[in-house]
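When we follow my numbering, the leftmost residue of the sequence shown carries the number 335, and every step to the right adds one. Even for Gly, the Cβ is constructed at its ideal location relative to N, Cα and C. Right, one structure below, let's go through it.
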Amino acid sequence: MSVTRSGARMWAMAAADFGAELELVELPEPEPGPGELKVRLLAASVNPFDRKVVDGMFRGSGEHRFPLVPGTDGAGEVIGSGERIFGTFFHRPVGIGTYAEYVTVPASNALAPIPQGLDPAIAAALPTAGMTAVQLVEALGAAESVLIVGASGGVGSFAVQVARAAGKRVIPVGRGDSLVEADALIDLVSTDRSSFEANARYAPLAFNTNYVSSDAAQNFGMKGSRAALEHLAALVLAGDLEVPISRRLPLRGAVDVFAGRGPGKTVIIM
335 MSVTRSGARM
345 WAMAAADFGA
355 ELELVELPEP
365 EPGPGELKVR
375 LLAASVNPFD
385 RKVVDGMFRG
395 SGEHRFPLVP
405 GTDGAGEVIG
415 SGERIFGTFF
425 HRPVGIGTYA
435 EYVTVPASNA
445 LAPIPQGLDP
455 AIAAALPTAG
465 MTAVQLVEAL
475 GAAESVLIVG
485 ASGGVGSFAV
495 QVARAAGKRV
505 IPVGRGDSLV
515 EADALIDLVS
525 TDRSSFEANA
535 RYAPLAFNTN
545 YVSSDAAQNF
555 GMKGSRAALE
565 HLAALVLAGD
575 LEVPISRRLP
585 LRGAVDVFAG
595 RGPGKTVIIM
């Protein structure tokens, strides 16, 4: 990434160091390198991954830029073409994220046009959680019933709706609920092998998103794609997917953006 020669500045939420609190800072607008787009952001959504990045998830594994601007998911307007797009904006060096007025993104990332009638805030909330849900449901194949452990979370709330839209019988499981037998299980909660294996006994086909299984086939990882984004947007416009946004915060008022807990997505509005 290079800095614009004109000296144009932008506002962003950023951390001065690993583990630091977010602060409103003024930074140079980024300029795109080869194969990159520059995007004026309209909205950015908050994911647990963003906090992990600030806490040093990639410490020692790649270059970081400080002040570190977190944020992977967003929606905005491409500078030059005026096209409105949404998708995943993560790239390296780490720290040039979507909690800002402008961002650069590799054109090869999972990006798609924002269709007419789709609120950019809704579009920004879709990518990571939504694509994970879509691809998990696709992985279920012909399974007719599915247990979803962690159904009230970001990915879980999407997975419940996507699975129902696919014609599957969904058994949502929350804290304290008992499990029953089903054709498949999606475990979004377990962070240790024994917990996941205890849940996996209830279904012959099981996936988890925290990479805790000894069976690599059960450890699910999302692979972003334009097709998945377009599918999500179509579900929203058809009324088959309601995006649970619990908070819309202006960029300059998003200092405590990581404080949000409970169901629903937090979206930063530029």
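What are the start and end residues of the alpha helix (DSSP H) that includes residue 503?
Residue 503: not part of any alpha helix (DSSP H); member of the beta strand (DSSP E) spanning 503-507, first to last residue.
Are the CB atoms of residue 459 and residue 489 nearer to each other than 7 Å?
Cβ atoms of residue 459 and residue 489: not closer than 7 Å.
Would the region 402-418 and the region 558-565 be scored as touching if the rule is three or more Cβ pairs under 8 Å?
Not touching, per the Cβ criterion.
Residue span of the alpha helix (DSSP H) that contains residue 385, given as start and end
For residue 385, the uninterrupted alpha helix (DSSP H) run begins and ends at 382-388, by DSSP.
Coarse secondary structure for residue 560, derived from DSSP in three states
Residue state, collapsed to three classes: helix.
Once DSSP output is grouped into helix, strand and coil, what is the label at residue 417?
DSSP places residue 417 in coil when its eight states are reduced to three.
Nearest-angstrom Cβ-Cβ length linking residue 480 and residue 502, presumed shorter than 8 Å:
So it is a contact: roughly 5 Å between Cβ atoms.
Which same chain residues end up closer than 7 Å to residue 393 when comparing Cβ atoms and leaving out the 5 residues on each side of it in sequence?
Only residues of its own chain outside the window of five on either side were considered, and among them 352 have a CB closer than 7 Å to the CB of residue 393, listed in chain order.
Write down every uninterrupted run of the beta strand (DSSP E) in the region 410-496 whose length is 3 residues or greater and which is fully enclosed by it, in chain order.
Taken in chain order, the unbroken stretches of beta strand (DSSP E) that lie wholly in the region 410-496 and span 3 residues or more are 418-422, 428-430, 436-440, 445-447, 479-483.
Our contact map puts residue 464 next to residue 420 with C-beta atoms below 8 Å; I'd like the distance itself, whole angstroms only.
That belief does not hold up - the Cβ atoms of residue 464 and residue 420 are roughly 10 Å apart, past 8 Å.
To the nearest angstrom, report how far apart residue 404 and residue 590 are at their CA atoms.
Roughly 13 Å separates the two Cα atoms.
For the structure I just gave you, are there three or more beta carbon pairs, one from the region 439-446 and one from the region 540-548, closer than 8 Å?
Contact between the region 439-446 and the region 540-548 is not established, with fewer than three Cβ pairs separated by less than 8 Å.
Residue 534 in three-state terms, based on DSSP:
Reduced to three states, the DSSP call for residue 534 is helix.
With a CB to CB cut of under 8 Å and the five nearest residues on each side skipped, what residues in its chain are close to residue 586?
Answer for residue 586: 345, 358, listed in chain order.
Quick one, are the C-beta atoms of residue 461 and residue 389 less than 7 Å apart?
No, Cβ-Cβ distance for residue 461 and residue 389 is not below 7 Å.
Secondary structure at residue 379, three-state DSSP: helix, strand or coil?
In the three-state reduction of the DSSP assignment, residue 379 falls in the strand class.
Exposed or buried, residue 496, counting other C-beta atoms within 10 Å across all chains shown (16 or more means buried)?
So residue 496 counts as buried.
How would you write the range of the beta strand (DSSP E) that residue 544 sits in, first residue to last?
If you look at residue 544, you'll find it isn't in any beta strand (DSSP E); DSSP assigns it neither H nor E.
For the beta strand (DSSP E) that residue 581 lies in, which residues bound it at each end?
DSSP places residue 581 inside the beta strand (DSSP E), whose first and last residues are 579-584.
Buried or exposed for residue 363, please, with buried defined as at least 16 other CB atoms from any protein chain shown within 10 angstroms of its CB.
That one is buried.
Closest by CA to residue 365, which one among 541, 395, 436?
The residue with the shortest Cα to Cα distance from residue 365 is 436.
CA-to-CA distance, residue 514 to residue 429, given in whole angstroms:
Roughly 43 Å between the two C-alpha positions.
Tell whether a beta-carbon distance below 7 Å holds between residue 472 and residue 517.
In this structure, residue 472 lies away from residue 517, with their beta-carbon atoms at least 7 Å apart.
Backbone secondary structure at residue 408 - three-state DSSP
Strand at residue 408.
Taking the beta carbon of residue 485 as the centre, do at least 16 other beta carbons fall within 10 Å, making it buried, or is it exposed?
Under this definition residue 485 is a buried residue.
Buried or exposed for residue 386, going by 16 or more other Cβ atoms inside 10 Å?
Answer is exposed; the Cβ neighbour count stays below 16.
Relative to the C-alpha of residue 508, which residue among 528, 500, 483, 519 is closest?
Selected option, being the one with the closest Cα: 483.
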